[in-house]
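>
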Amino acid sequence: MMKVNMENSTILITGGTGSFGRKFIEYALQHDIKKVIVFSRDELKQYEMAQEYNDDRIRFFIGDVRDKDRLYRAFDGVDIVVHAAALKHVGACEYNPFEAVKTNINGAQNIVEAAIDRNVKRVIALSTDKACNPVNLYGATKLASDKLFVAANSYVGDNRHTRFSVVRYGNVVGSRGSVVPFFKKIMHTGVLPITDERMTRFWITLDQGVQFVLDSLVRMRGGEIFIPKIPSMRITDLAYAIAPNCETKIIGIRPGEKLHEAMISEDDARHTKEYDSYYMIQPEFEWWDEESVGAGKNVPEGFTYTSDNNSHWLTFEELRTLVSENHK
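Using numbering that gives the first Met the number 0, read the sequence shown as starting at 0 and increasing by one per residue.
1) Looking at the structure shown, is Glu273 part of a helix, part of a strand, or coil, going by DSSP?
2) Would you call Asn308 buried or exposed, if buried means 16 or more other Cβ atoms sit within 10 Å of its Cβ?
3) Let me know the secondary structure DSSP gives Pro192 once reduced to three states.
4) Does the contact criterion of 3 or more C-beta pairs under 8 Å hold for the region 276-295 versus the region 247-256?
5) Excluding the 5 residues preceding and the 5 following Ile250 in the sequence, name in chain order all residues of the same chain whose CB lies nearer than 8 Å to its CB.
6) Between the C-alpha atoms of Cys92 and Pro133, what's the straight-line distance to the nearest angstrom?
7) Which residue marks the beginning of the beta strand (DSSP E) containing Leu11, and which one marks its end?
8) So the beta strand (DSSP E) Met232 belongs to, where does it begin and stop?
9) Quick one, are the C-beta atoms of Leu125 and Phe19 less than 8 Å apart?
10) Does the structure place the region 304-320 close enough to the region 226-245 that three or more beta carbon pairs sit under 8 Å?
11) Looking only at its chain, what residues have a beta carbon closer than 7 Å to the beta carbon of Ala27, apart from the 5 residues adjacent to it on each side?
12) Can you tell which of His270, Ile226 and Gln108 has its C-alpha closest to the C-alpha of Trp348?
13) Spatial neighbours of Ser164 within its chain, please: C-beta separation below 6 Å, excluding the five flanking residues on both sides.
14) Can you pull the DSSP bridge partners for Pro34?
15) Given a cut-off of 8 Å on the beta-carbon distance, is the pair Ile32 and Arg56 in contact?
16) Can you tell me which of Ala242, Lys129 and Asp145 puts its alpha carbon nearest to the alpha carbon of Pro184?
17) Ignore the nearest five residues each way along the sequence and tell me which others in Lys120's own chain have a CB closer than 6 Å to its CB.
18) Looking at the secondary structure, which residues open and close the alpha helix (DSSP H) in which Ala91 lies?
19) Count the other CB atoms, across all protein chains shown, that sit within 10 Å of the CB of Leu43; report buried if there are 16 or more and exposed otherwise.
20) Quick one: using the 10 Å Cβ neighbour count with 16 as the cut-off for buried, is His311 buried or exposed?
21) With Glu112 as the anchor, note down where its alpha helix (DSSP H) starts and where it stops.
22) Following the continuous beta strand (DSSP E) through Ser164, name the residue where it begins and the one where it ends.
23) Which residues share a DSSP beta bridge with Met279?
24) Assign Glu51 to one of two classes, buried (16 or more other C-beta atoms within 10 Å of its C-beta) or exposed (fewer than that).
25) Hey, Val64 and Thr13 are a contact pair by Cβ (cut 8 Å); roughly how many whole angstroms apart?
26) Is the number of C-beta pairs between the region 202-211 and the region 108-116 that are closer than 8 Å three or more?
27) According to DSSP, what are the bridge partners of Trp312?
28) Distance check for Thr204 and Lys2, CA to CA, integer angstroms please.
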């Protein structure tokens with residue numbers, strides 16, 4: 000398996016006390032890194048996290064991606080930035096739209112400017128399937144964020160070497176706020192609410208998500224959007240896998256919710272390459288060199304990558320195993 004060369008590097012992760020951040024730090028500490036900086040705004044989570052680790056390579060930095068001055072200080076001497084901080088809850092973003100804009104869009108631009116001015120070598124930003132053909136504000140802000148990180152490569156300048164790329168993937172098994180812990184919390188009632196029995200979603204584990212980010216740090220040349228090939232699941236199969244004895248109640252699709260998720264649109268497909276385990280949406284830069292990214296193949300005309308047209312589906316037995324292994 001591909002390993003990113005993080006030896007003797009200083010790594011900073013925004014939103015570092017979240018589900019992804021905690022798992023990423025576990026992986027990072029397996030390398031001979033100089034240090035890893037946890038950048039987040041929740042002092043309690045940082046305090047609790049500090050109690051769990053006995054490693055003097057970890058640093059904790061209270062700050063918000065909305066605060067550019069704080070980012071400038073935090074990025075001093077940093078080699079790699081993984082940007083995982085975001086307002087992610089669809090309902091909360093719909094109800095507090097400009098708060099989502101300030102964190103997900105303005106925060107992304109602050110990351111870009113601080114990284115360039117502080118000579119960070121590589122920045123990789125976490126995106127979401129909801130950024131493809133967005134129908135809710137969360138997805139729209141993450142699409143804007145993706146555009147900012149891709150475009151940032153064009154104005155780095157000749158005397159600096161910062162490169163930016165994006166990783167986009169689907170729902171993470173058992174992450175905080177996902178449907179798995181919600182179903183487990185209410186299964187004692189005997190009824191699980193289902194928005195629509197036709198609903199499908201992409202599915203990835205935290206370990207797979209972290210490894211894909213590490214692999215993408217190796218592959219990136221600047222401006223790519225990397226998308227893993229991951230399985231789909233039916234929400235009805237997930238409900239049955241978690242609580243086979245529960246009834247289901249159809250409650251209807253909520254505001255801002257899709258029936259199926261997408262990660263590559265038909266328009267994006269014109270610039271998309273397929274590899275064995277992932278897709279890559281190439282940037283539309285004059286200086287982009289296709290030869291430098293390996294022998295991928297063009298996807299066919301009219302191609303889309305959505306959770307309902309996927310070739311890989313999880314059975315409820317596989318879902319039951321995944322839920323058991325990834326959500327204790």
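Positions of the beta carbon are idealized from the N, C-alpha and C atoms, including for glycine.
Working from what's here:
1) Start at 1 with the first residue of the sequence shown, and residue 273 comes out as number 274. Three-state result, Glu273: strand.
2) Position 309 of the sequence shown holds residue 308. So Asn308 ends up on the exposed side.
3) As a working mapping, residue 192 is identified with position 193 in the sequence shown. It is a strand residue.
4) no
5) On the sequence shown, position 251 is the one that residue 250 refers to. For Ile250, where only same-chain residues beyond five positions count, the Cβ hits under 8 Å are Pro192, Ile193 and Thr194.
6) Numbered from 1 along the sequence shown, position 93 holds the residue referred to as residue 92. Numbered from 1 along the sequence shown, position 134 holds the residue referred to as residue 133. If you take the alpha carbons of Cys92 and Pro133, they lie about 13 Å apart.
7) The residue labelled residue 11 in the question sits at position 12 within the sequence shown. First-last of the beta strand (DSSP E) with Leu11: Thr9 to Thr13.
8) The residue given as residue 232 occupies position 233 in the sequence shown. Residues Ser231 to Arg233.
9) Within the sequence shown, numbered from 1, the residue matching residue 125 stands at position 126. Within the sequence shown, numbered from 1, the residue matching residue 19 stands at position 20. Yes, Cβ-Cβ distance for Leu125 and Phe19 is below 8 Å.
10) A contact is defined here as three or more CB-CB pairs under 8 Å, and the region 226-245 meets this definition with respect to the region 304-320.
11) Here residue 27 is taken as the residue at index 28 of the sequence shown, counted from 1. Result list for Ala27: Met5, Ile10 and Val35, in chain order.
12) This structure does not reach residue 348, given that the chain is present from 0 up to 327, and the question cannot be answered.
13) Counted from its first residue, the sequence shown places residue 164 at position 165. The answer, listed in chain order, is Ile123, Met219 and Glu223.
14) Within the sequence shown, the letter at position 35 stands for residue 34. Looking at the sequence provided, one finds Lys at residue 34 rather than Pro. DSSP lists Thr9 as partners of Lys34.
15) Counted from its first residue, the sequence shown places residue 32 at position 33. Counted from its first residue, the sequence shown places residue 56 at position 57. Result yes, Cβ atoms of Ile32 and Arg56 sit closer than 8 Å.
16) Here residue 184 corresponds to residue number 185 of the sequence shown, with the count starting at 1. Sequence check: residue 184 is Lys here, not Pro. Answer by Cα proximity: Ala242.
17) For this step, residue 120 is matched to residue 121 along the sequence shown. Only Asp78 meet the Cβ criterion.
18) Within the sequence shown, the letter at position 92 stands for residue 91. Unbroken alpha helix (DSSP H) run through Ala91: Val89 to Tyr94.
19) Start at 1 with the first residue of the sequence shown, and residue 43 comes out as number 44. With fewer than 16 other Cβ atoms within 10 Å, it is exposed.
20) Mapped onto the sequence shown, residue 311 falls at position 312. Around the beta-carbon of His311, fewer than 16 other beta-carbon atoms lie within 10 Å, marking it exposed.
21) The sequence position of residue 112 within the sequence shown is 113, counting from 1. Looking at the DSSP string, the run of the alpha helix (DSSP H) that includes Glu112 is Gly106 to Asp116.
22) The residue labelled residue 164 in the question sits at position 165 within the sequence shown. Looking at the DSSP string, the run of the beta strand (DSSP E) that includes Ser164 is Arg162 to Val166.
23) Your numbering for residue 279 matches position 280 in the sequence shown. Phe225 and Lys272.
24) Position 52 of the sequence shown, counted from the start, is the residue given in the question as residue 51. That one is exposed.
25) Along the sequence shown, read from residue 1 onward, the residue named residue 64 stands at position 65. Along the sequence shown, read from residue 1 onward, the residue named residue 13 stands at position 14. Correct: roughly 6 Å between the Cβ atoms.
26) no
27) To locate residue 312, count along the sequence shown from 1; it is residue 313. In the DSSP output, where bridge partners are listed per residue, Trp312 has Ser231.
28) The residue you call residue 2 lines up with position 3 of the sequence shown. The residue you call residue 204 lines up with position 205 of the sequence shown. Only weak support exists for where Lys2 lies, its pLDDT of 44 falling under 50; the coordinates are left without a value.
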